[in-house]
Amino acid sequence: MSPQPVRAARRGRDRKAEVVPAHEGRVRYAGGVAPRCAVVGGGIAGLAAATLLAERGVDVTLYEREASLGGRLAGWPVELADGSAVTMSRGFHAFFRQYYNLRGLLRRVDPGLERLRDIGDYPLQHASGLYDSFARVPRTPPWNALGFAALSPSFGWRDLYRLDARAALPLLDVRLPDLYDRYDRISARMLLERIRFPEAAQHLAFEVFSRSFFADPGELSAAELALMFHIYFLGSSEGLPFDVPDEPYPQALWDPLARYLDGHRVRIRTGTPVHAVEPHPHGGHTLVTGDGTDRADALVLALDGGGLRSLVRNSPALCDEAWRARIGRLASAPPFLVHRIWLDRPVNACRPGFLGTSGYGPLDNISVLERWEGEALRWARKSGGSVVELHAYAAAPSADPETLSRSLLAELHRIYPETRSARIVDECRLWRADCPLFSVGTAADRPTVDTPDPTVTVAGDLVRSDLPVALMERAATTGFLAANAHLRRWGLRGQTLWTVPRRGRSALPRRLAAFADSP
Numbered sequence: 021m022s023p024q025p026v027r028a029a030r031r032g033r034d035r036k037a038e039v040v041p042a043h044e045g046r047v048r049y050a051g052g053v054a055p056r057c058a059v060v061g062g063g064i065a066g067l068a069a070a071t072l073l074a075e076r077g078v079d080v081t082l083y084e085r086e087a088s089l090g091g092r093l094a095g096w097p098v099e100l101a102d103g104s105a106v107t108m109s110r111g112f113h114a115f116f117r118q119y120y121n122l123r124g125l126l127r128r129v130d131p132g133l134e135r136l137r138d139i140g141d142y143p144l145q146h147a148s149g150l151y152d153s154f155a156r157v158p159r160t161p162p163w164n165a166l167g168f169a170a171l172s173p174s175f176g177w178r179d180l181y182r183l184d185a186r187a188a189l190p191l192l193d194v195r196l197p198d199l200y201d202r203y204d205r206i207s208a209r210m211l212l213e214r215i216r217f218p219e220a221a222q223h224l225a226f227e228v229f230s231r232s233f234f235a236d237p238g239e240l241s242a243a244e245l246a247l248m249f250h251i252y253f254l255g256s257s258e259g260l261p262f263d264v265p266d267e268p269y270p271q272a273l274w275d276p277l278a279r280y281l282d283g284h285r286v287r288i289r290t291g292t293p294v295h296a297v298e299p300h301p302h303g304g305h306t307l308v309t310g311d312g313t314d315r316a317d318a319l320v321l322a323l324d325g326g327g328l329r330s331l332v333r334n335s336p337a338l339c340d341e342a343w344r345a346r347i348g349r350l351a352s353a354p355p356f357l358v359h360r361i362w363l364d365r366p367v368n369a370c371r372p373g374f375l376g377t378s379g380y381g382p383l384d385n386i387s388v389l390e391r392w393e394g395e396a397l398r399w400a401r402k403s404g405g406s407v408v409e410l411h412a413y414a415a416a417p418s419a420d421p422e423t424l425s426r427s428l429l430a431e432l433h434r435i436y437p438e439t440r441s442a443r444i445v446d447e448c449r450l451w452r453a454d455c456p457l458f459s460v461g462t463a464a465d466r467p468t469v470d471t472p473d474p475t476v477t478v479a480g481d482l483v484r485s486d487l488p489v490a491l492m493e494r495a496a497t498t499g500f501l502a503a504n505a506h507l508r509r510w511g512l513r514g515q516t517l518w519t520v521p522r523r524g525r526s527a528l529p530r531r532l533a534a535f536a537d538s539p
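Residue numbers (the numbering used here): 21 to 539.
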């Protein structure tokens, strides 16, 4: 296959989005034996790293312990009781417009991002009766903040008057890494209380979003909440709209990208965990897998927290002792439950594709998949039913998944009463505890892309970065940065990246933030 032109990630509508220029170098490795790089982990971060390295002519092997690519966005085939062949996954993920680098990765195989579709509104509902919507909130700061205050039933003008300006104004000029110095020692809930954020808005809006980090707001670092404010609200004019794939993740995203990697001669070894890394006697690294050993000049470790801890524990010569100790202290978030049900009758047509919930016991959100996913829509049309997915985040580790599922179903019946009379054709349940935990005071222990060994880099949503990125975008961005570090050593050009503005958007908010910091 002839080399394809490497596309830089493109910015969206925000004219103040910032470019992170690529370092210079040769466009593609030529002459002699190409350097060999092993990418361990086939999620978003690993796929981003493998893609860029392969485009530059590096000899890449991608290892993934599961049978399919995608990491926490993987999918796998399931046969339902009615004989239907469907795809199960961890469920709903929002592809926000600020995810410039993730979108740049997806454009390799879908230049127009035609596989992503706008979900429209995604309301939030509290058991008290409060109901919020972001459909009419302006996108550009500061009008989005003012619009939220004006339109939200949970946030009135009196609440705006009662806010502690000195505590709130620094959020107008978020900068990294100063953000962690300022906020990592307190919890997200404590920060909202200091600001005197109205309790109703805490429960309805920001508790819902903080739990997207799979942690209770009382445990989540306030630095991550402040970063979230900046990325999605105060620092970007992309606003809060987002897209979702129009088919299950493998069909829409990862199968096409796997074909693209295959065309660039990447060896994709799914179902192949890497158990340990050892020094190779002739330089580089020896990877120990269930199938034997392999050699690489460089490594990108794109694993989840548990996988990274295990690999480092089994690799006593990897990097240095202090770094290995830091990795050993990484914690995973509490478990979460995904319960997907195929019903024999439809939910009401007025139900949104996604509803965030608060105050309904363990239920965090409800998705009606046929509102956007083609596979679910085809099943719904064939059966006359609906495909509904229920999520519970930050569950008690001792919780029984079956008991928790019954609680989620009870809350579904409470919110969507028409589901009470529906028969469950089939159901799938997923209970995992493999997401990173960004708890109070732990930022310094989190790995960065660079390690004490220049031939080893780390990527993933658990990685601390000096760029304002989070969740899937952090995974994609650090994947590209991990590849960039190796490309620079080999004299090969890096990947141009984009981010939301890396500090407050304009001079006036920055002056106000500086005033709040003054004695």
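By construction, the Cβ of each residue, glycine as well, lies at the ideal position given by its N, Cα and C atoms.
Separation of the CB atoms of residue 114 and residue 262 is rounded to 4 Å, and the pair is thereby assigned contact status at 8 Å. Annotated three-state conformation of residue 519 is strand, per DSSP. For the pair of segments examined, the stretch 78 to 97 was found not to touch the stretch 383 to 392: the number of CB pairs separated by less than 8 Å stays below three.
In this structure, DSSP gives residue 298 an extended state, which the three-state scheme calls strand. Per the DSSP secondary-structure output, residue 274 pairs with nothing in a beta bridge.
According to the DSSP assignment, residue 201 belongs to the alpha helix (DSSP H) that extends over 198 to 203. Listed in chain order, the non-local C-beta contacts of residue 442 below 7 Å within the same chain comprise 363, 364 and 365, local neighbours out to five positions each way being set aside. If you draw a straight line from the Cα of residue 521 to the Cα of residue 486, it comes to about 12 Å. Residue 332 carries a helical assignment under DSSP once its states are collapsed to helix, strand and coil.
In summary, residue 58 is buried, with 16 or more beta-carbon neighbours lying within 10 Å of its beta-carbon over all protein chains present.
Residue environment for residue 411: buried (at least 16 other C-beta atoms within 10 angstroms of its C-beta). Within the same chain, 234 and 353 come within 6 Å of residue 455 by CB-CB distance, once the 5 residues on both sides are set aside. Taking the C-beta atoms as reference points, residue 208 is found no nearer than 7 Å to residue 187. Per DSSP, residue 99 is one residue of the beta strand (DSSP E) stretching across 95 to 99. Where residue 421 is concerned, the enclosing alpha helix (DSSP H) starts and stops at 421 to 435. Annotation for residue 362: no alpha helix (DSSP H) segment contains it, though the beta strand (DSSP E) segment containing it runs 356 to 363. The beta-carbon distance between residue 409 and residue 112, rounded to whole angstroms, is 6 Å. This is short enough to meet the 8 Å contact definition. One Cα belongs to residue 493, the other to residue 482, and the distance between them is close to 11 Å. Rounded to whole angstroms, the separation of the alpha carbons of residue 386 and residue 372 is 9 Å. Here DSSP, grouped into helix, strand and coil, assigns residue 282 to helix.
By DSSP's assignment, residue 236 forms no beta bridge with any residue. Of the candidates 321, 127 and 436, 321 places its Cα closest to the Cα of residue 65. 7 Å or more divides the Cβ of residue 376 from the Cβ of residue 431. Residue 339 counts as buried, since no fewer than 16 other beta carbons sit within 10 angstroms of its beta carbon. The closest CA to that of residue 288, considering only 300, 274, 297 and 301, is found on 274. A distance of 7 Å or more separates the beta carbons of residue 104 and residue 518. Contact annotation: residue 512 and residue 469 have beta-carbon atoms that are not nearer than 7 Å. For residue 269, the three-state secondary structure derived from DSSP is helix. At the C-beta level, residue 277 and residue 129 come within 7 Å of one another. When secondary structure is reduced to three states using DSSP, residue 262 falls in the strand class. If you check the CB distance, residue 471 and residue 343 come in under 7 Å.
Contact between residue 40 and residue 523 is ruled out by a C-beta separation of about 14 Å, above the 8 Å threshold. By the criterion of at least three beta-carbon pairs nearer than 8 Å, the stretch 44 to 64 is in contact with the stretch 316 to 330. Beta bridge pairing from DSSP links residue 215 with no other residue.
Secondary structure note for residue 493: it is in no beta strand (DSSP E), and the uninterrupted alpha helix (DSSP H) holding it is 491 to 509. Around the beta carbon of residue 185, fewer than 16 other beta carbons lie within 10 angstroms, which makes this residue exposed.
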